[in-house]
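In what follows, a single structure is set out as structure tokens and then discussed.
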Amino acid sequence: MVKPASRIENIPPYLFARIDKKKAEARKKGLDLIDFGVGDPDIPTPQNIITRMKEAVDDSANHRYPSYEGMFEFRKAVADWYKKRFSVDLNPADEVVALIGSKEGIAHMPWAYIDNDDIALIPSPGYPVYKIMTLLTGGNPYIMPLKEENHFLPKYDDIPSSILDKAKIMFLNYPNNPTGTHADDDFYERSLWIAREYDILICHDAAYSEIAYDGYTPRSILEFDKNKKYCVEFHSLSKTYCMTGWRIGFVVGNKEAVSNLGKLKTNIDSGVFQAIQYAGIEALTGDQSSVEIMKKTFQKRRDMVVNGLNSIGIHVEKPKATFYIWAKVPKGYTSADFCEKIIEEQGIVVTPGSGFGEEGEGYFRISITINEKRIAEAIERLKMVRF
Ligand SMILES: *Cc1c(COP(=O)(O)O)cnc(C)c1O
């Protein structure tokens, strides 16, 4: 057998492999699994978006290669949405690029900015792509622990200035997966101060900017970076419009950074299928009532899960955003032990916090992407587990 590249061999082991094995065993035993593991909405894509896609598929003009950076109409729809939503002005010509899902852009960002041994600041727990892709480029991830006592925000004072001097990019993600926390204005101001002082490009992952509750409205980091000098922001249509399978997102902000990522991408992909871009335009500019309905649904589920966990002695507060509940495992368990125990005994699947980085150890994540009936059933089953 041909030996694969060492960069492949060096990818850290897949941390969910143990859980997958337990799931398979539980299924074999005939357990009915209730899976809170995947962050993928169970709600279908709104009908107006599907209808637009169907029309666009019939048009042969959309069957050819799209432009690399996205159709101008799509980028214009993004700029208009940004203006309306955040009062931020974007030039669709050079401050917006379409992505094949935001994960694609996030994954390629280190390839545009990180040389061997360059430092990228990475939050932990966090979306695993930030760290793994930094490692694959030969870069050096510097972990910023997100601790409960700091509201799961990185503590910049703890980062040595020798590291900040060398760091080139910093990933941030608020509202946050997996912790469900959000950032306040003061945190964005402090982040911008760090970026200016140490010349660091902030890559803000805003996948959950539209999924918020209790009157909280997430902000764009570009509201704080008025001249768009230090930041790019990644957005996804996946979560807002229940379009995870469609693969469309976008990056906006500093035009050099947007263009460098775009330049890299011309050598990798050939853009987003135009019919999907038309569907994306419909999502951003069409009737938004589906977003409100989705949020109400998630809010109800959030309350059920939080109340349920509190009733069995696992204390959690209601997150103001995202569709995740981040909770401490009971005393005496590691994340993996606890998750394995509830799969084995009750067929309840949650994600071990350690899967999101070492700093996630001691926690588990519940994704409220299953219906209320199943959530109620899961809570009843959890009541039978002895911790
Ligand atoms: C879901 C998710 C993404 C990726 O979304 P796509 O646009 O579907 O690629 C990116 N970042 C975070 C934190 C996510 O949870």
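Residue numbers (this note's numbering): 217 to 603. All C-beta atoms in this analysis are idealised placements derived from N, C-alpha and C, irrespective of residue type, glycine included.
So, under 8 Å CB-CB, residue i and residue j are touching, yes? Tell me the CB distance rounded to an integer number of Å.
| i | j | result |
| --- | --- | --- |
| N587 | D258 | 7 Å |
| M269 | A495 | 4 Å |
| K384 | I330 | 6 Å |
| I306 | V468 | In the sequence as displayed, the identity of residue 306 is Leu instead of Ile. Yes, they are in contact, since the Cβ atoms of L306 and V468 sit about 5 Å apart, within 8 Å. |
| D441 | L408 | 6 Å |
| I528 | L477 | 45 Å between Cβ atoms; not a contact. |
| L352 | R223 | 5 Å |
| R190 | K534 | Nothing about residue 190 can be read from this structure; the chain reaches only from 217 to 603. |
| G255 | T550 | That pair is no contact at about 22 Å. |
| N278 | A272 | 5 Å |
Closest to residue i by CA distance: which of the options is it?
| i | options | result |
| --- | --- | --- |
| Q562 | P229, V218, K238 and E225 | K238 |
| M325 | C555, N523 and C447 | C447 |
| F290 | I250, D236, E311 and D485 | E311 |
| E320 | P434, I484 and M600 | I484 |
| G576 | D305, I330, P339 and D236 | P339 |
| D248 | I559, K384, S506 and A411 | I559 |
| V601 | S222, S436, F554 and G253 | F554 |
| R377 | Y358, N366, T433 and S454 | Here residue 377 turns out to be Ser, not Arg, going by the sequence shown. Comparing Cα positions, the closest option is Y358. |
| F302 | N526, G573, I379 and R435 | R435 |
| V565 | I464, E439 and I595 | I595 |
| G465 | T353, E556, I492 and Q504 | I492 |
| D381 | I224, G317 and E413 | E413 |
| N470 | K455, G461, K445 and T460 | K445 |
| L525 | S222, V545, E574 and D402 | V545 |
| V507 | E426, K219 and A221 | E426 |
| S318 | G573, T567, V532 and H420 | H420 |
| T567 | N226, D251, L362 and R223 | D251 |
| A314 | F232, G342, K299 and Y284 | Y284 |
| I509 | K245, T261 and R234 | T261 |
| G253 | K245, A233, S505 and Q263 | A233 |
| A552 | P344, S475 and G578 | G578 |
| P341 | I418, T433 and A543 | A543 |
| A473 | V273, F450 and M459 | F450 |
| V304 | E439, V521 and A242 | E439 |
| T460 | P308, A423, R581 and H531 | A423 |
| K479 | E405, W327 and A272 | W327 |
| L362 | K547, N392, E556 and Y549 | N392 |
| V521 | S486, I582 and K547 | I582 |
| P308 | T482, V218 and S475 | S475 |
| S486 | K455, Y281, L417 and G569 | Y281 |
Should residue i be listed as close to ligand 1, given that the test is whether its C-beta is under 7 Å from any heavy atom?
| i | result |
| --- | --- |
| Y390 | no |
| A592 | no |
| S318 | yes |
| Y284 | no |
| I437 | no |
| I455 | Inspection of the sequence shows that residue 455 is occupied by Lys rather than by Ile. Answer for K455: yes, Cβ within range of ligand 1. |
| E460 | A quick correction: the sequence has Thr, not Glu, at residue 460. Indeed, a heavy atom of ligand 1 lies less than 7 Å from the Cβ. |
| A495 | no |
| A162 | Any question about residue 162 goes unanswered here, given that the chain covers just 217 to 603. |
| I322 | yes |
| D275 | no |
| G487 | no |
| D258 | no |
| N393 | yes |
| Y343 | yes |
| G354 | no |
| S452 | yes |
| A428 | no |
| G571 | no |
| A233 | no |
| G576 | no |
| A399 | no |
| G465 | yes |
| D421 | yes |
Kindly identify the DSSP beta-bridge partner or partners of residue i.
| i | result |
| --- | --- |
| R581 | W542 and T567 |
| I418 | M386 and C447 |
| G465 | L315 and S452 |
| P361 | S340 |
| N638 | The first residue shown for the chain is 217 and the last is 603, placing residue 638 beyond what the model contains. |
| I379 | DSSP, once it has assigned bridges, lists no residue as partnering I379. |
| A428 | A537 |
| I437 | Its beta-bridge partners do not exist; DSSP assigns none. |
| D251 | V565 |
Kindly indicate if chain C contains any beta-carbon less than 8 Å away from that of residue i.
| i | result |
| --- | --- |
| I259 | Checking the listed chains, one finds no chain C in this structure; it contains a single protein chain. |
For ligand 3, any of its heavy atoms closer than 7 Å to the Cβ of residue i?
| i | result |
| --- | --- |
| G253 | Questions concerning ligand 3 fall outside what the structure shown contains, since the ligands it does hold are ligand 1. |
> Taking three-plus beta-carbon pairs below 8 Å as touching, is the stretch 394-406 in contact with the stretch 536-543?
Replying inline: yes
> Between the stretch 260-268 and the stretch 385-392, are three or more C-beta pairs nearer than 8 Å?
Replying inline: no
> Is there contact between the stretch 500-508 and the stretch 293-313, where contact requires at least three CB pairs shorter than 8 Å?
Replying inline: yes
> Touching or not, the stretch 341-359 and the stretch 295-310, by the rule of three or more beta carbon pairs under 8 Å?
Replying inline: no
>> Under 8 Å, with one C-beta from each stretch per pair, do the stretch 509-520 and the stretch 362-377 reach the 3-pair mark?
In response: no
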